[in-house]
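Asks:
Residue numbers (this note's numbering), protein chains in the order written: chain B, 1 to 309; chain E, 1001 to 1094.
1) At 7 Å on the CB atoms, spell out the chain B contacts of residue 1039 of chain E, in chain order.
2) Could you compute how far the alpha carbon of residue 143 of chain B sits from the alpha carbon of residue 1087 of chain E?
3) Could you please give the first and the last residue of the uninterrupted alpha helix (DSSP H) stretch that includes residue 101 of chain B?
4) Measure from the C-beta of residue 1026 of chain E to each C-beta in chain B and report whether the shortest distance is under 7 Å.
5) Suppose the cutoff is 7 Å on Cβ atoms and the five residues either side in sequence are ignored; what does the same chain contact list for residue 159 of chain B look like?
6) Against chain E, which members of the region 121-134 of chain B pass a CB distance test of less than 9 Å?
7) With DSSP run on the structure shown, which of helix, strand or coil describes residue 181 of chain B?
8) Only counting runs of 3 or more residues, tell me where the beta strand (DSSP E) segments fall wholly within the region 7-86 of chain B, in order along the chain.
9) Mind checking which residues open and close the alpha helix (DSSP H) that includes residue 256 of chain B?
10) Have a look at residue 1047 of chain E and residue 280 of chain B and give me their C-alpha separation to the nearest angstrom.
11) Does any residue of chain E have a CB that is nearer than 7 Å to the CB of residue 306 of chain B?
12) Would the C-beta of residue 14 of chain B count as close to the ligand ZN, meaning under 6 Å from any of its heavy atoms?
13) Would you mind telling me which residues of chain B sit closer than 7 Å to residue 1062 of chain E, beta carbon to beta carbon, in chain order?
14) Under a CB-based cut-off of 7 Å, is residue 1080 of chain E close to chain B?
15) Note down, one range per segment and in chain order, each beta strand (DSSP E) of at least 3 residues found wholly within the region 236-306 of chain B.
16) Would you check if the distance between the CB atom of residue 127 of chain B and the CB atom of residue 163 of chain B is smaller than 7 Å?
17) Per DSSP, what are the beta-bridge partners of residue 1009 of chain E in this structure?
18) Compute the Euclidean distance between the alpha carbons of residue 33 of chain B and residue 5 of chain B, then round it to the nearest angstrom.
19) Between residue 8 of chain B and chain E, is there a C-beta pair that is closer than 7 Å?
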C-alpha cells in the first residue's frame, strides 16, 4: 500500500506487511506516533511497540497488545485497525482526544512475531513462541502462562508438548521479558489490555487463584459497561468476570502479573467468533470485530482517565 | 506448510462436571494430538477441539460411549485454510 489510507484493513497480512504499515503510520504522523523496539524475539526478529503521545514526559499510559497467541489472527488485524483509528480520531472525537491529551497509548500489534511468522510459513495453527526446549523435541512456550504471577501453579502445563506449556521459569520467553522490562521501566502504566481470540469474554484477575481481586467490584462494573458498549454496535454478546470464574484456572497469565505490578485496570479480551470459525474467522469479519472492540476499549480508557490513581 | 486435510473441529457440550472430567481425560491422551481451541472449563461452556483425521473416529466413539454431546463445528480445517489463503492471494493479486 502507498499509505495507511490505501492499506487494506479487511484482509489478513504477513509480519512484513504489518511492520511496513507501522513505518507508514509513523511517517504520516510524526508528531503523534513513534515506533519503539523493546527487544528481539528468540529467533532474532525485532519486537516493536507503537507509542501514541501528544507530549508531556512519562505521562500515565495505557498498554494494548494483540497477537500474543500467534494463531489468533483477528487480534493482530484488529491491532492494525486500532492504530489507524487512533490517528484518525485524535482531534476529531472529543472523548478520545481528551484521553490522548492526558495519557499515552502503547500498542504492541505483533506480540509473538516468531509464532506469527510461523503461522504464515509452516503451521497456521501455531499458538506458542518458537523457543527450543532442551529437554524435548517439542518447541515453544505458551506466552500467556510464562508470567511471574502464580507461575508453576495449577492452570498451566509442565509438558513442553502441551499448548499451555509454561516454560522452564517465569519470564523465560524473551517476548514476555521484553514487556516486563518495558512496563517496569516505564512505571506509569495505568491500564493494561491484552487481546486474544476467541470466545467473547472480557476477563480480569485473577486466573491463578479464586480469591477475588481487591478491585474486583470496580473491575466487574467497568467490564459490564465495556461489554455493553461493545454489544451496542452489532449485538455481539460478551460474558465477563475473573479469569478463574469465567473460564478456568490459568496460572502465569499476563494480566495477573500486570495487576500484581499495581496496574489496576488489567484486562484480557477474547474477541469474537460469533459463529463456527474459531481461529479461522473470515477476513470479512476483521473490521466489524475491530470496530466493536474499539468501543469497549474506549470505555476502559475513558474510565482510566477519569479515575486517576 | 502443515496439512490439516480431514482435521475436524468438534464443539462438545458438557452437561455436568463428570462430563468435563471425561473430556479432560481426552486432553491427557497425547497420541490423539488433540488441539483444544476452547479448553474444558465449566458445565455449559462449549469445548472446541481440533481432531486430526486419524483420531476422529476414536474421539467420536469415546464421546458417544460416555454420552457426551458434540457437533461438527468445522468439517475440514484445511478447506477453511484454503479459503483464507485464496482471500489473501486475491488481495495481493489486486
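Beta carbons: idealized from backbone N, C-alpha and C, even for Gly.
Replies: With the structure as the only source:
1) As a working note, residue 1039 of chain E is residue 39 in the second chain. Residue 1039 of chain E reaches chain B at 248, counting residues in chain order whose Cβ is nearer than 7 Å.
2) Counted from its first residue, the first chain places residue 143 of chain B at position 143. Counted from its first residue, the second chain places residue 1087 of chain E at position 87. The alpha-carbon atoms of residue 143 of chain B and residue 1087 of chain E are separated by roughly 29 Å.
3) Position 101 of the first chain, counted from the first residue, corresponds to residue 101 of chain B. Taken as a continuous stretch (DSSP letters only), the alpha helix (DSSP H) holding residue 101 of chain B covers 94-102.
4) The residue labelled residue 1026 of chain E in the question sits at position 26 within the second chain. The beta-carbon of residue 1026 of chain E is placed no less than 7 Å from the nearest beta-carbon of chain B.
5) The residue given as residue 159 of chain B occupies position 159 in the first chain. So the qualifying residues of the chain are 165.
6) Residues passing the 9 Å Cβ filter: 121, 122, 123, 124, 125, 126, 127.
7) What you label residue 181 of chain B is simply residue 181 of the first chain in a count that begins at 1. Helix, per DSSP.
8) DSSP runs (the beta strand (DSSP E)) wholly in the region 7-86 of chain B: 33-40, 46-52, 61-66.
9) The residue you call residue 256 of chain B lines up with position 256 of the first chain. It spans 254-260 - the alpha helix (DSSP H) in which residue 256 of chain B sits, taken as one unbroken run.
10) Walking along the second chain from the start, residue 1047 of chain E turns up at place 47. Walking along the first chain from the start, residue 280 of chain B turns up at place 280. The straight-line gap from Cα to Cα measures roughly 16 Å.
11) For this step, residue 306 of chain B is matched to residue 306 along the first chain. Against chain E, the CB of residue 306 of chain B has no partner CB under 7 Å away; the residue lies outside that interface.
12) Looking at this structure, you won't find the ligand ZN or any other ligand, since it has none at all.
13) In the second chain, the residue the question calls residue 1062 of chain E occupies position 62. For residue 1062 of chain E, there are no neighbours in chain B by C-beta distance under 7 Å, as the nearest C-beta there is about 20 Å away.
14) Position 80 of the second chain, counted from the first residue, corresponds to residue 1080 of chain E. At least one beta carbon of chain B lies nearer than 7 Å to the beta carbon of residue 1080 of chain E.
15) Entirely contained in the region 236-306 of chain B, the beta strand (DSSP E) runs reaching 3 residues are, in chain order, 239-242, 265-271.
16) Within the first chain, the letter at position 127 stands for residue 127 of chain B. Within the first chain, the letter at position 163 stands for residue 163 of chain B. It is a contact, given that the beta carbons lie within the stated cut-off.
17) Your numbering for residue 1009 of chain E matches position 9 in the second chain. Answer by DSSP bridge pairing, in chain order: E:1050, E:1074.
18) Here residue 33 of chain B refers to the residue found at position 33 of the first chain. Here residue 5 of chain B refers to the residue found at position 5 of the first chain. Taking the straight line from one Cα to the other gives about 16 Å.
19) Residue numbering aside, residue 8 of chain B sits at position 8 when the first chain is read from its first letter. Contacts with chain E at 7 Å (Cβ-Cβ) include residue 8 of chain B.
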